[in-house]
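K.L.:
There are 2 protein chains.
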Amino acid sequence: MNETKRTRVGSAEIASLIRRDIKSGELSPKERLPPERVLAENYQVARGTVREALNKLAEESLVEIRAGSGTYVTFDPSESADNVILSARPLELIDARFALEPHICRLAVLHARPNDLEEMESLLQTMENSVNDPAMFSSADTAFHSVLAETTNNNLLIWIVSQINSVRSQKEWSKMRRVILNPDTINLYNQQHRAIFTAISQREPELAAASMKEHLESARLSLTRSAST
Amino acid sequence: MNETKRTRVGSAEIASLIRRDIKSGELSPKERLPPERVLAENYQVARGTVREALNKLAEESLVEIRAGSGTYVTFDPSESADNVILSARPLELIDARFALEPHICRLAVLHARPNDLEEMESLLQTMENSVNDPAMFSSADTAFHSVLAETTNNNLLIWIVSQINSVRSQKEWSKMRRVILNPDTINLYNQQHRAIFTAISQREPELAAASMKEHLESARLSLTRSAST
DNA sequence: CCCAATTGGCTTAGTATTGGATTTAAAAGA
DNA sequence: TCTTTTAAATCCAATACTAAGCCAATTGGG
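So the protein lines, in turn, are chains C and B.
Each residue of the first sequence is one higher than the last, beginning at 3 in the working numbering.
Each residue of the second sequence is one higher than the last, beginning at 3 in the working numbering.
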């Protein structure tokens, strides 16, 4: 199938190329594509082929074709953001945190300053005093993970984590917290948070990352257990 | 030699240019744009075309047009959510990718289906044929990392990666790409991409993650090297 | 306070560009 | 061979752009 690469360039291939540029943001919303005749020239195909490709993209609502005017990008990758965040499922969230937070711990070890550590210590104490107050624990927990991100001094990571945290403050999630956050679980989490904090203050990046992984593993376990009941 | 028939520069193009300058902060809030007649001269179009472009921007609330006075920027990028993304610095981006992409590789190993692998293979071939075409390489490279994210089936991760990719399509970055992406570097990246792909097809999560880390390490090196020159 | 200069608002007629659609021929694939 | 797809060349219809002029609102200097 892919052996004969050179000869056959069909409308499907053209469509894929353009689709990729739109979805990756290389072509921004409202932007006008070059005229069909020029695209045909660029891709070295006939105009009819380009036309077919553009019509496919129009059916996918990626572009809008206006006769006499041009073809315009109508897909905004950043607009689908709210939907993604609102509809994120618990296990998706845990996987995303698995990707992010261990490495955040490593970076936190590199960048942590005394007042970062003080803030973490203060939040740890709040959580340790909230064994019977799930709501309080939960807000301090979120803050703790935010501080970890802020400690990296990486605005991109800080922003990503804040986006992820906004998922957790959804309505549906607070229900779930009430089920999961019993005193035993809170105690477990407190121990794990403490382990992460200790690893960071002792400047041990891999230990910090490993502790975070263990913590997230527990969180995943809590989730699957609560889902099965 | 005048075979090059310029494609029409229309109101959509003018609007895109000005919109980009506004959103990137090149034009500050409250600042007055040059008069329509001057803009028309600068862009080498008729005044009516400039007018249409400005009216579009006014509908998007990016500018305010006051008859007899002028056209004023009414959009403040620092108050926009996209701000973090627009102002992300190269090393921040690499750190974020260090956090995300190795784990994405692990998840990709778990979820990869035959047509995911086919798509990766096709992009690898595109990149391998683009040793002397940085723009094409870059677009396929972005797509490759996007496909990795899509393979996880995790919408949250897919969205995060797409946000990160949108950073890379910024103006400043395309300059940097031209400096970094010489044939040697592209060949190196191609080898590394191939290694990642092989690890995924052979279902070796840790090998895939390690290959990705190596790839990102190279990317970081290219960045620091280009920054120091 | 008024006048003159500047700036956006708007109209018109003529021209150019662009997508829409059809036809014929050639090439690729079943 | 027959079917489908692509190429190439037209012509058409919709839309946008140019150019030029005049009006209306605003601004700032005298």
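For every residue, glycine included, the Cβ atom is placed at its ideal position computed from N, Cα and C.
Quick caveat: nothing in here was measured; it's all calculated off a predicted structure.
Pull up the distance between the alpha-carbon of C:Val149 and that of B:Tyr74, whole angstroms please.
P.N.:
For C:Val149 and B:Tyr74, the distance between alpha carbons rounds to 39 Å.
K.L.:
Would you say C:Arg34 and B:Ala48 are within 7 Å of each other, going by their C-beta atoms?
P.N.:
No; because the gap between Cβ atoms is not below 7 Å, this pair is not in contact.
K.L.:
What is the DSSP secondary structure of B:Thr144, reduced to helix, strand or coil?
P.N.:
DSSP places B:Thr144 in helix when its eight states are reduced to three.
K.L.:
Taking 7 Å as the threshold (C-beta atoms), are C:Pro207 and C:Arg115 in contact?
P.N.:
It is not a contact, given that the beta carbons lie outside the stated cut-off.
K.L.:
Out of B:Ser30, B:Asn167, B:Pro92 and B:Met138, which has the shortest C-alpha to C-alpha gap to B:Asn184?
P.N.:
For B:Asn184, the nearest C-alpha among the options comes from B:Met138.
K.L.:
Assign B:Lys58 to one of two classes, buried (16 or more other C-beta atoms within 10 Å of its C-beta) or exposed (fewer than that).
P.N.:
When all chains shown are included, B:Lys58 counts as buried.
K.L.:
Identify whether B:Glu66 lies in helix, strand or coil by the three-state DSSP scheme.
P.N.:
DSSP places B:Glu66 in strand when its eight states are reduced to three.
K.L.:
What's the call for C:Thr226, buried or exposed, on a 16-neighbour Cβ count within 10 Å?
P.N.:
Exposed.
K.L.:
When the cut-off is 7 Å and only beta carbons count, does B:Ile198 lie next to chain C?
P.N.:
Chain C contact via Cβ: absent.
K.L.:
Taking the alpha-carbon of C:Pro31 as reference, which of B:Ser18, B:Gly12 and B:Leu41 has the nearest alpha-carbon?
P.N.:
The residue with the shortest Cα to Cα distance from C:Pro31 is B:Ser18.
K.L.:
How would you write the range of the alpha helix (DSSP H) that C:Gly50 sits in, first residue to last?
P.N.:
Start and end: Arg49 to Glu61.
K.L.:
Measure from the C-beta of B:Trp175 to each C-beta in chain C and report whether the shortest distance is under 7 Å.
P.N.:
Chain C, which has no Cβ nearer than 7 Å to the Cβ of B:Trp175, makes this no.
K.L.:
Under a CB-based cut-off of 7 Å, is C:His147 close to chain B?
P.N.:
No, its Cβ sits nowhere closer than 7 Å to a Cβ of chain B.
K.L.:
How big is the Cα-Cα spacing for C:Leu190 and B:Val65?
P.N.:
Approximately 54 Å between the Cα atoms of the pair.
K.L.:
For a contact defined as C-beta to C-beta under 7 Å, what are the partners of B:Thr144 on chain C?
P.N.:
In chain order: Ser26.
K.L.:
Does the beta carbon of C:His105 sit closer than 7 Å to a beta carbon anywhere in chain B?
P.N.:
With 7 Å as the cut-off, C:His105 counts as an interface residue toward chain B.
K.L.:
What is the DSSP secondary structure of C:Arg180, reduced to helix, strand or coil?
P.N.:
Correct three-state label for C:Arg180: helix.
K.L.:
What did DSSP end up calling C:Val75 once you bin it into helix, strand or coil?
P.N.:
C:Val75: strand per DSSP, three-state reduction.
K.L.:
Do C:Val86 and B:Asn131 have their C-beta atoms closer together than 7 Å?
P.N.:
For C:Val86 and B:Asn131, no; Cβs fall outside 7 Å.
K.L.:
Taking CB distances under 7 Å as the criterion, tell me whether B:Ser164 reaches chain C.
P.N.:
Chain C, which has a Cβ nearer than 7 Å to the Cβ of B:Ser164, makes this yes.
K.L.:
Just to check my reading of the structure: B:Ile198 and B:Thr154 have Cβ atoms closer than 8 Å, yes? What is that Cβ distance to the nearest angstrom?
P.N.:
In fact, because the Cβ distance is near 14 Å, the residues do not count as touching under 8 Å.
K.L.:
Return helix, strand or coil for C:Arg34, following the three-state DSSP convention.
P.N.:
C:Arg34 falls in the strand class under three-state DSSP.
K.L.:
Counting Cβ pairs, one atom from each stretch, are 3 or more of them under 8 Å apart for the segment 116-131 of chain C and the segment 209-219 of chain C?
P.N.:
Touching, no, given that fewer than three Cβ pairs across the two stretches are closer than 8 Å.
K.L.:
Using 8 Å for Cβ pairs, my map puts B:Ser2 next to B:Ile188. What's the rounded Cβ distance?
P.N.:
Here chain B comprises residues numbered 3 to 231, so residue 2 of chain B is not present and cannot be evaluated.
K.L.:
What does C:Ala114 reach in chain B if we use C-beta pairs closer than 8 Å?
P.N.:
Residues of chain B passing the Cβ test: none, with the nearest at roughly 15 Å.
K.L.:
Take B:Leu209 and list the residues in its own chain whose beta-carbon comes closer than 7 Å to its own, dropping the five residues that flank it on each side.
P.N.:
The answer, listed in chain order, is Ala201.
K.L.:
Kindly list, in the order they appear in chain C, the residues whose Cβ is closer than 9 Å to that of B:Gly12.
P.N.:
By Cβ distance, chain C contributes Arg34, Ser71 and Gly72.
K.L.:
Would a C-beta distance cut-off of 7 Å place B:Thr9 and C:Val40 closer than the cut-off?
P.N.:
Yes, Cβ-Cβ distance for B:Thr9 and C:Val40 is below 7 Å.
K.L.:
From B:Phe100 to C:Leu102, what distance separates their C-alpha atoms?
P.N.:
Straight-line Cα distance between these residues: approximately 9 Å.
K.L.:
Taking only beta-carbon atoms, is C:Ile20 less than 7 Å away from chain B?
P.N.:
No, C:Ile20 does not count as interfacial toward chain B.
K.L.:
Checking contacts by CB at 7 Å: is C:Asn167 closer than that to chain B?
P.N.:
No, C:Asn167 does not count as interfacial toward chain B.
K.L.:
Indicate the three-state DSSP secondary structure (helix, strand or coil) for C:Val149 in the structure shown.
P.N.:
In this structure, C:Val149 counts as helix in the three-state DSSP scheme.
K.L.:
CA-CA distance, B:Ala55 and C:Trp161?
P.N.:
Each residue's Cα considered, the two are about 33 Å apart.
K.L.:
Near C:Pro79, what residues of its chain come up, given a Cβ to Cβ distance below 7 Å and the 5 sequence neighbours on each side ignored?
P.N.:
Only Lys25 and Gly27 meet the Cβ criterion.
K.L.:
Kindly give me the distance between the Cβ atoms of C:Arg222 and C:Ile96, rounded to whole angstroms, as I take these residues to be in contact under 8 Å.
P.N.:
C:Arg222 to C:Ile96, Cβ: 5 Å. Contact.
K.L.:
Identify the continuous alpha helix (DSSP H) that holds C:Ser18 and give its terminal residues.
P.N.:
Where C:Ser18 is concerned, the enclosing alpha helix (DSSP H) stretches over Ser13 to Lys25.
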